[in-house]
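Residue numbers (my numbering): 2 to 435.
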Amino acid sequence: MKRVAVIGREFAAGGKRLTAYVVPDAAEGSRDGEIISIMRDFMRERLPHYLVPSELVLLETLPLNHNGKVDRRALPVPAGNAVSRGKDFVVPRDEIERGVSQAFEQALGVQGIGVHDSFFELGGDSLSALRLFAMIESTFNTSLPLVSLFEHPTIAELAVLLRTREKPITPGSALVEIKRGRSEMPFFLVPGGHGGMAEMTLYAKLMSYLDREQPVYGLLSSNTSVAERAAIYIREIRRQQPRGPYALGGECVGGVVAFEMAQQLIAQGQKVALLLLMDTWCPIDAGSFRGRFFDRPLAILRSRRLVVRAGFSNLRRMLRDRLRHQPRFRAVRWLYYWLDVALTLKQKTASWVCALKNVEATMRYRPQPYPGRLTLLISSGNDQKGLCRDWRRLSKGGLVVHTVPGDHKSYIRDTPEATAKRLRILLDETTARR
Numbered sequence: 002m003k004r005v006a007v008i009g010r011e012f013a014a015g016g017k018r019l020t021a022y023v024v025p026d027a028a029e030g031s032r033d034g035e036i037i038s039i040m041r042d043f044m045r046e047r048l049p050h051y052l053v054p055s056e057l058v059l060l061e062t063l064p065l066n067h068n069g070k071v072d073r074r075a076l077p078v079p080a081g082n083a084v085s086r087g088k089d090f091v092v093p094r095d096e097i098e099r100g101v102s103q104a105f106e107q108a109l110g111v112q113g114i115g116v117h118d119s120f121f122e123l124g125g126d127s128l129s130a131l132r133l134f135a136m137i138e139s140t141f142n143t144s145l146p147l148v149s150l151f152e153h154p155t156i157a158e159l160a161v162l163l164r165t166r167e168k169p170i171t172p173g174s175a176l177v178e179i180k181r182g183r184s185e186m187p188f189f190l191v192p193g194g195h196g197g198m199a200e201m202t203l204y205a206k207l208m209s210y211l212d213r214e215q216p217v218y219g220l221l222s223s224n225t226s227v228a229e230r231a232a233i234y235i236r237e238i239r240r241q242q243p244r245g246p247y248a249l250g251g252e253c254v255g256g257v258v259a260f261e262m263a264q265q266l267i268a269q270g271q272k273v274a275l276l277l278l279m280d281t282w283c284p285i286d287a288g289s290f291r292g293r294f295f296d297r298p299l300a301i302l303r304s305r306r307l308v309v310r311a312g313f314s315n316l317r318r319m320l321r322d323r324l325r326h327q328p329r330f331r332a333v334r335w336l337y338y339w340l341d342v343a344l345t346l347k348q349k350t351a352s353w354v355c356a357l358k359n360v361e362a363t364m365r366y367r368p369q370p371y372p373g374r375l376t377l378l379i380s381s382g383n384d385q386k387g388l389c390r391d392w393r394r395l396s397k398g399g400l401v402v403h404t405v406p407g408d409h410k411s412y413i414r415d416t417p418e419a420t421a422k423r424l425r426i427l428l429d430e431t432t433a434r435r
């Protein structure tokens with residue numbers, strides 16, 4: 002190839018997707034389909050899946066501006082929403098593949114998808130993954146582990162899983178199968194944020210880097226007290242694993258619920274082999290925390306009239322301006338982050354209501370000393386000194402601290418490999434100690 006330009010384009014189904022414009026070397030003499038296949042193979046070998054362009058457009062020349070640089074505004078919009086087809090394009094071959102293909106097309110907003118095309122190379126992200134799994138459950142009346150999309154991202158591979166999947170959907174269960182495996186010690190994870198399926202897809206990406214045989218389950222949020230949530234979750238996990246030792250974890254405010262789960266399990270005579278708190282602040286002094294970090298910001302966010310009148314874009318701008326020069330509000334940056342998520346107004350409002358209830362329930366919780374050992378996983382951009390000090394006060398069995406790169410927003414979303422590497426070591430050590 003002679004030259005390449007890559008840009009992000011907005012799509013009707015939501016979100017941006019990468020489009021690559023390629024000027025092939027005429028001396029190669031290959032056909033368009035062969036060039037596209039060669040380019041895709043080249044990028045798959047060198048780039049993570051989320052950086053592989055969804056579309057490849059072949060051009061004779063790239064448009065240039067008067068400075069001799071690529072004029073990105075003059076690059077042609079790809080015709081329709083069809084996928085660029087390479088030489089390995091294969092149409093769906095049976096009813097299951099056709100059903101999965103229709104789910105791909107609706108979730109991604111593209112047409113003409115081959116059974117070997119990768120969901121992520123077509124522009125898939127966590128939100129479109131949620132749409133895809135909802136459509137698969139509706140079409141086939143069965144559920145797949147969320148991590149299956151990361152391990153089997155094509156129509157053909159998912160169809161194989163569906164042919165062998167007989168487990169029906171369990172209505173009303175808080176337990177979500179994130180990753181299937183054969184290990185006798187599953188890892189149960191309480192999510193942070195609003196604790197919904199959007200978080201689960203992020204955790205699925207993280208868990209895809211774990212050992213192939215390590216099962217992982219997530220626990221969907223319920224708007225109750227920390228102690229009540231813990232009791233509900235324990236009933237769920239004991240249906241899956243009747244007896245200990247248990248491996249528990251919680252991310253952000255979910256770590257506080259995991260902490261209470263461990264307390265209740267020990268009170269029931271069960272053993273907890275691992276209690277992992279992932280970037281979890283300690284509510285040991287919740288009154289001070291509320292006054293310093295939450296009262297004023299939440300007063301802004303609770304105003305429904307403000308949200309409706311100003312709209313989320315203006316509310317984001319206002320929050321940014323108010324919080325920019327006030328370091329004491331850094332703990333609520335995750336609230337500002339929710340304004341930037343590609344959800345509808347109704348979805349954002351529901352997420353916020355649930356997230357705020359979870360935070361307020363956590364601040365009402367009064368933790369008691371824990372008889373076992375706590376393991377704390379902290380992002381390098383977090384308040385490591387403060388978190389370690391507070392959790393050490395509650396741990397009678399000692400505190401083990403591990404640091405991973407990133408901040409609270411990025412250590413799972415942007416650097417999952419590094420975080421998963423540390424998590425894999427912890428789970429392997431826990432299994433070996435059984």
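We treat Cβ as the ideally placed atom computed from N, Cα and C, and that holds for glycine.
A quick note: this is a predicted structure, and the numbers were derived from the prediction, not measured.
With contacts defined as CB atoms closer than 9 Å, A274 and F189 fail to qualify as a contacting pair.
CA-CA distance, C253 to D415, rounds to 16 Å. Boundaries of the alpha helix (DSSP H) harbouring A263: G255 to A268, taken from the DSSP string. Between the alpha carbons of K272 and A232 lies a gap of roughly 16 Å. Bounds of any alpha helix (DSSP H) do not take in S380; it lies within the beta strand (DSSP E) bounded by L375 to S380. The beta carbons of V217 and E261 sit no closer together than 9 Å.
The beta carbons of A205 and P146 sit closer together than 9 Å.
Apart from sequence neighbours up to five positions away, no residue of its chain approaches Q369 with a beta-carbon distance below 6 Å.
Just so you know, the alpha carbons of D429 and T420 end up roughly 14 Å apart. For T143, the secondary structure class from DSSP, reduced to helix, strand or coil, is coil.
Judged by their CB atoms, Q107 and M136 are nearer to each other than the 9 Å cut-off. Where I114 is concerned, there is no enclosing beta strand (DSSP E), because DSSP gives it neither an H nor an E.
Residue environment analysis places T376 among the buried positions, since at least 16 neighbouring C-beta atoms fall within 10 angstroms of its C-beta. By the neighbour-count definition (other C-beta atoms within 10 Å, threshold 16), P77 is an exposed residue.
Counting the other Cβ atoms within 10 Å of the Cβ of P93 gives 16 or more, which makes it buried. When the five nearest sequence neighbours on each side are left out, the beta carbons in the same chain lying within less than 7 Å of the beta carbon of G407 are those of S380, S381, G382, D415 and T416, in order along the chain. In chain order, A6 and L63 place their CB closer than 6 Å to the CB of V71, counting only its own chain and leaving out the 5 sequence neighbours on each side. Straight-line spacing of the CA atoms in P372 and L357 works out to 30 Å. Counting along the chain, no beta strand (DSSP E) covers L48, and no H or E run does either. L176 is bridged by DSSP to L220. In this structure A268 is exposed. Its beta-carbon is surrounded by fewer than 16 other beta-carbon atoms within 10 angstroms. Under the three-state reduction of DSSP, T281 is assigned to coil, being neither helix nor strand. Excluding the 5 residues flanking it on each side, M201 has same chain C-beta neighbours closer than 7 Å at L147, V177, I179, P192 and G219, in chain order.
Rounded to whole angstroms, the separation of the alpha carbons of V405 and I238 is 28 Å. Residue nearest to V257 within the set R365, L123 and L427 is R365 (criterion: CA-CA distance). Secondary structure at E61: coil, using DSSP grouped into helix, strand and coil. Only residues of its own chain outside the window of five on either side were considered, and among them Y210 have a CB closer than 8 Å to the CB of E418, listed in chain order. DSSP links R4 through a beta bridge to V24. For Y247, the uninterrupted beta strand (DSSP E) run begins and ends at Y247 to E252, by DSSP.
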